[in-house]
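Chains as they are written, first to last, in the working numbering: chain A, 59 to 589; chain B, 11 to 140. Here a beta-carbon is modelled for each residue, glycine too, at the ideal position from N, C-alpha and C. Remarks on the structure that follows.
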Amino acid sequence: MSEAAPITRSADVLIIGGGMAACWAAIMAAQAGVEVLLVDKGFVGTSGVTATGGPNHWWVAPEPGRRETAIEERYARSFGLAERDWMARIIDETWRALPQLAGYYPFAGDGKGGTFYSGVRGPEYMRALRRFAQDAGVTILDHHPSLELLLHADGAVAGAAGYARLKQQTWTVRAGAVVIATGGCAFRSGLIGSHGNSGDGLLMAAEAGAVLSGMEFSVSYSLSPAWNSTRTLPYFAARFFDTEGRELDVPPPMSGEAAHLRALARALETGPVLADLSDAPDALKRGLRRIQPASLAPFERKRIDLFRDRFPVRIFGEGTVRGTGGLQIVGDGCETSVANLYAAGDSATRELVAGATSGGGAQNAAWALTSGRIAGAAAAAHARGAGRRRDAPVKAAGTAGLRPASTARLPDAREGLPVIQAATIGYDAALWRSGDKLVRHRDAVEAIWRTIADHGHAEGGGAVALREHAAMAACARWILAAALTRDESRGMHMRIDRPGTDPAQQSRLLVAGLDRVWTRPERGAAQEIAA
Amino acid sequence: MIAQIFAERCTGCQACVAACPTHVFDAGTDGVPLIARLDQCQTCFMCELYCPADALYVAPEQEGEPGLSAAEALAMGQVGRLRHDYGWDRDAPPEAPHLQDFWQLGPLLREGAEIAARRYAKRKAAFEDG
Numbered sequence: 059m060s061e062a063a064p065i066t067r068s069a070d071v072l073i074i075g076g077g078m079a080a081c082w083a084a085i086m087a088a089q090a091g092v093e094v095l096l097v098d099k100g101f102v103g104t105s106g107v108t109a110t111g112g113p114n115h116w117w118v119a120p121e122p123g124r125r126e127t128a129i130e131e132r133y134a135r136s137f138g139l140a141e142r143d144w145m146a147r148i149i150d151e152t153w154r155a156l157p158q159l160a161g162y163y164p165f166a167g168d169g170k171g172g173t174f175y176s177g178v179r180g181p182e183y184m185r186a187l188r189r190f191a192q193d194a195g196v197t198i199l200d201h202h203p204s205l206e207l208l209l210h211a212d213g214a215v216a217g218a219a220g221y222a223r224l225k226q227q228t229w230t231v232r233a234g235a236v237v238i239a240t241g242g243c244a245f246r247s248g249l250i251g252s253h254g255n256s257g258d259g260l261l262m263a264a265e266a267g268a269v270l271s272g273m274e275f276s277v278s279y280s281l282s283p284a285w286n287s288t289r290t291l292p293y294f295a296a297r298f299f300d301t302e303g304r305e306l307d308v309p310p311p312m313s314g315e316a317a318h319l320r321a322l323a324r325a326l327e328t329g330p331v332l333a334d335l336s337d338a339p340d341a342l343k344r345g346l347r348r349i350q351p352a353s354l355a356p357f358e359r360k361r362i363d364l365f366r367d368r369f370p371v372r373i374f375g376e377g378t379v380r381g382t383g384g385l386q387i388v389g390d391g392c393e394t395s396v397a398n399l400y401a402a403g404d405s406a407t408r409e410l411v412a413g414a415t416s417g418g419g420a421q422n423a424a425w426a427l428t429s430g431r432i433a434g435a436a437a438a439a440h441a442r443g444a445g446r447r448r449d450a451p452v453k454a455a456g457t458a459g460l461r462p463a464s465t466a467r468l469p470d471a472r473e474g475l476p477v478i479q480a481a482t483i484g485y486d487a488a489l490w491r492s493g494d495k496l497v498r499h500r501d502a503v504e505a506i507w508r509t510i511a512d513h514g515h516a517e518g519g520g521a522v523a524l525r526e527h528a529a530m531a532a533c534a535r536w537i538l539a540a541a542l543t544r545d546e547s548r549g550m551h552m553r554i555d556r557p558g559t560d561p562a563q564q565s566r567l568l569v570a571g572l573d574r575v576w577t578r579p580e581r582g583a584a585q586e587i588a589a
Numbered sequence: 011m012i013a014q015i016f017a018e019r020c021t022g023c024q025a026c027v028a029a030c031p032t033h034v035f036d037a038g039t040d041g042v043p044l045i046a047r048l049d050q051c052q053t054c055f056m057c058e059l060y061c062p063a064d065a066l067y068v069a070p071e072q073e074g075e076p077g078l079s080a081a082e083a084l085a086m087g088q089v090g091r092l093r094h095d096y097g098w099d100r101d102a103p104p105e106a107p108h109l110q111d112f113w114q115l116g117p118l119l120r121e122g123a124e125i126a127a128r129r130y131a132k133r134k135a136a137f138e139d140g
């Protein structure tokens with residue numbers, strides 16, 4: 059445990075997280091004139107799945123009819139769970155916000171004589187957002203993982219506490235409003251950029267009483283070379299072969315993602331799958347290095363020519379990162395169900411714009427940007443009115459891994475991870491869900507959760523790691539409970555024992571609880587899932 | 011996995027310690043950072059971008075020990091390559107910005123998907139024709 063004195067600070071708005079949603083939230087809050095502190099587990103600029111990627115944002119000009127058409131097209135694919143007003147908001151906000159980065163991001167041409175704003179390369183985008191936030195007055199604390207939220211006696215969020223891992227000091231921040239922007243949970247699948255995306259913010263918020271939504275919509279994968287997850291641009295034209303050289307019957311990626319993923323998953327369960335990119339567009343072969351150089355490095359460093367040689371691939375689970383589930387949003391300002399607490403980006407449910415589908419890259423980035431900006435602005439306005447209440451007594455809300463219910467010891471949390479992964483991103487468990495399998499996985503995950511909740515305790519950096527495992531176990535429990543309750547197939551939630559979509563279940567599904575997990579339709583009575 | 015920090019190139023600036031999103035490095039007592047938590051390396055290559063001295067090499071496999079000597083890493087001819095490809099080692103001339111081709115990402119992705127769709131339809135038709 060650290061010997062150094064704890065760090066104590068206060069701010070009007072505390073942002074937890076360091077990706078694009080967190081940065082946009084911090085920028086908007088600071089521009090509203092309040093004091094903003096941003097704490098990230100990693101480094102703002104390299105943290106999270108945006109930094110290693112290249113997000114394209116939903117980009118529709120404000121010309122007559124165009125946005126309405128775009129919204130109707132996406133609404134038709136949402137399985138009735140999205141909201142047109144939210145889609146209109148993210149299109150409009152994205153259109154107005156991205157050009158504001160011009161002083162920080164090296165925007166270049168769009169190939170038609172204009173400026174290309176909608177797509178940005180990850181490392182440059184996050185570097186730009188860091189500088190923009192700092193110039194707006196945001197104080198950034200890198201390598202300050204959060205461990206838990208602090209609560210006022212009335213249940214409102216009062217701040218957060220964590221561990222500064224480079225300084226080896228504990229920290230406490232009191233704030234008038236807190237924004238959770240810690241990303242989704244990818245269950246340590248190896249998905250590029252997602253190592254830190256362990257659902258920490260969802261656990262912290264749930265301990266404070268927050269409710270989640272859409273956790274059953276967490277079935278998403280991306281294809282990469284088997285030895286290193288990259289972005290997916292190079293692989294869209296791939297043909298697939300087994301090790302005997304027989305071409306596999308894999309439907310193309312745009313024919314319906316489920317068929318494509320299921321064919322790959324089934325083949326991967328029987329043996330290695332080799333990709334052949336010789337059919338890729340010529341312009342891609344010539345230009346990949348200038349567009350997405352990081353996708354070449356894993357090949358060149360193994361002396362593989364990715365457009366000539368066949369190479370093994372696998373699909374990497376994306377959990378709630380590209381899945382839609384997250385904290386329930388209850389108001390127009392990205393408020394959660396807990397006072398003083400806001401959610402943005404992949405930490406928040408994206409059902410409002412994507413419904414039961416992933417939404418695809420462009421809609422997801424526009425959501426992260428917009429929900430960040432909305433949450434930051436709303437948090438600033440709220441904090442200005444409510445004040446920091448920094449002298450009021452507070453209670454720390456953390457449970458599993460911090461305050462064991464029974465005798466404390468340090469469990470080897472890593473032992474539970476394969477069970478959690480099998481239940482959430484395991485190909486068979488996720489792509490072919492059924493009531494029987496969900497019950498079996500639920501019971502297995504429950505035992506892991508119980509060990510951490512009853513006994514888990516660690517200090518310093520060990521506490522950060524243990525809490526990450528607690529958060530992944532908690533996310534797995536919510537996913538399994540929601541998938542079990544949603545007694546139908548809808549969008550990316552596919553039950554082989556309930557293949558049809560049931561019009562009576564066209565409602566978002568809430569899930570929450572730690573000791574006991576419960577679910578209920580957004581409008582309807584609670585239905586407890588026995589622990 | 012991060013394989014090597016080249017002591018003779020490292021200036022001891024500790025930029026990699028700060029920039030690593032997953033806290034792989036510790037500041038070293040002799041100025042050269044230590045690879046302290048290899049199990050947390052996600053092979054994201056971000057440390058290479060943020061190292062102004064090109065003093066790091068990340069091996070491509072994201073699992074297992076990299077097991078590559080400094081000499082072997084240098085012999086790959088890849089040290090500093092990624093930072094150069096990104097253009098982070100130099101300013102771009104105004105007429106040729108680093109990101110001038112980036113707009114092609116979406117169109118090329120769609121073109122790849124269309125190639126796959128056409129090929130698949132042809133294959134299915136041939137199969138049905140017997």
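- Of all residues in the stretch 101-116 of chain B, only A102, P107, H108, L109, Q110, D111, F112, W113, Q114, L115, G116 come within less than 8 Å of chain A when Cβ atoms are compared, listed by chain position.
- Among the CB atoms of chain B, one or more fall inside 9 Å of the CB of A/I250.
- Beta-bridge pairing by DSSP links B/I15 to B/L66.
- Contacts between B/C30 and chain A, judged by CB atoms closer than 8 Å, involve G100, F101, T104 in chain order.
- Ranked by how close their Cα comes to the Cα of A/M312, the residues B/F137, B/A123, B/D139, B/C61 have B/A123 in first place.
- At a C-beta separation below 7 Å, A/F174 has these neighbours in chain B: F112, W113.
- Collapsing the DSSP output to three states places A/G514 in a strand.
- Residue pairing of A/H551 in beta bridges, as defined by DSSP: A/R548.
- What B/Q50 touches in chain A, judged by beta-carbon distance under 8 Å, is H253, going in chain order.
- Flagged as an interface residue toward chain A: B/D95, by a C-beta distance shorter than 9 Å.
- A/Y221: member of the beta strand (DSSP E) spanning 215-222, first to last residue.
- Among the residues facing chain B, A/K360 is included, as its CB has a counterpart in that chain under 9 Å away.
- Put simply, the CB of A/D337 is near chain B, with a gap under 9 Å to one of its CB atoms.
- For B/C26, no chain A residue has a C-beta closer than 8 Å to its own C-beta; the minimum C-beta separation is roughly 10 Å.
- For the options A/R525, A/Y485, A/H527, A/W117, the alpha carbon positioned closest to that of A/A325 is the one of A/Y485.
- Only L291, P292, Y293, F294, A295, A296, R297, E305, D307, V308, P309, P310, P311 from the stretch 291-311 of chain A bring a Cβ to less than 9 Å from some Cβ of chain B.
- Residue contact check for A/V118 against chain B: no CB pair falls below 9 Å.
- If you compare the alpha carbons of B/A83, B/E105, B/Q52 with that of B/D64, the shortest gap goes to B/A83.
- In summary, no residue of the stretch 370-382 of chain A has a CB separated from any CB of chain B by less than 8 Å.
- Counted as a single uninterrupted DSSP element, the alpha helix (DSSP H) harbouring A/P181 occupies residues 180-193.
- In the three-state reduction of the DSSP assignment, B/F112 falls in the helix class.
- For B/C23, the secondary structure class from DSSP, reduced to helix, strand or coil, is coil.
- In this model, A/R553 and A/G518 are separated by some 42 Å (Cα to Cα).
- In terms of CA proximity to A/G558, A/R548 leads the group A/R566, A/Q564, A/R548, A/L567.
- Residue-level contact by beta carbon fails for B/Q14 and chain A, as no gap is shorter than 9 Å.
- Judged by DSSP secondary structure, A/V477 falls within the alpha helix (DSSP H) whose first and last residues are 475-482.
- For A/F357, the enclosing alpha helix (DSSP H) has its first and last residue at 355-358.
- In the structure shown, A/R491 adopts extended strand secondary structure according to DSSP, grouped into three states.
- When secondary structure is reduced to three states using DSSP, A/I349 falls in the helix class.
- Less than 9 Å divides the Cβ of A/L207 from the Cβ of A/A455.
- The continuous stretches of beta strand (DSSP E) do not include A/W116, and DSSP gives it neither H nor E.
- By the neighbour-count criterion, in which a residue is buried when 16 or more other Cβ atoms sit within 10 angstroms of its Cβ, B/E73 is exposed.
- Going by beta carbons, A/G103 and A/M78 fall outside the 9 Å limit.
- By the beta-carbon neighbour count (other beta carbons within 10 angstroms, threshold 16), A/V97 is buried.
- CA-CA distance, A/P579 to A/L139, rounds to 12 Å.
- DSSP, read as helix, strand or coil, puts A/R581 in coil.
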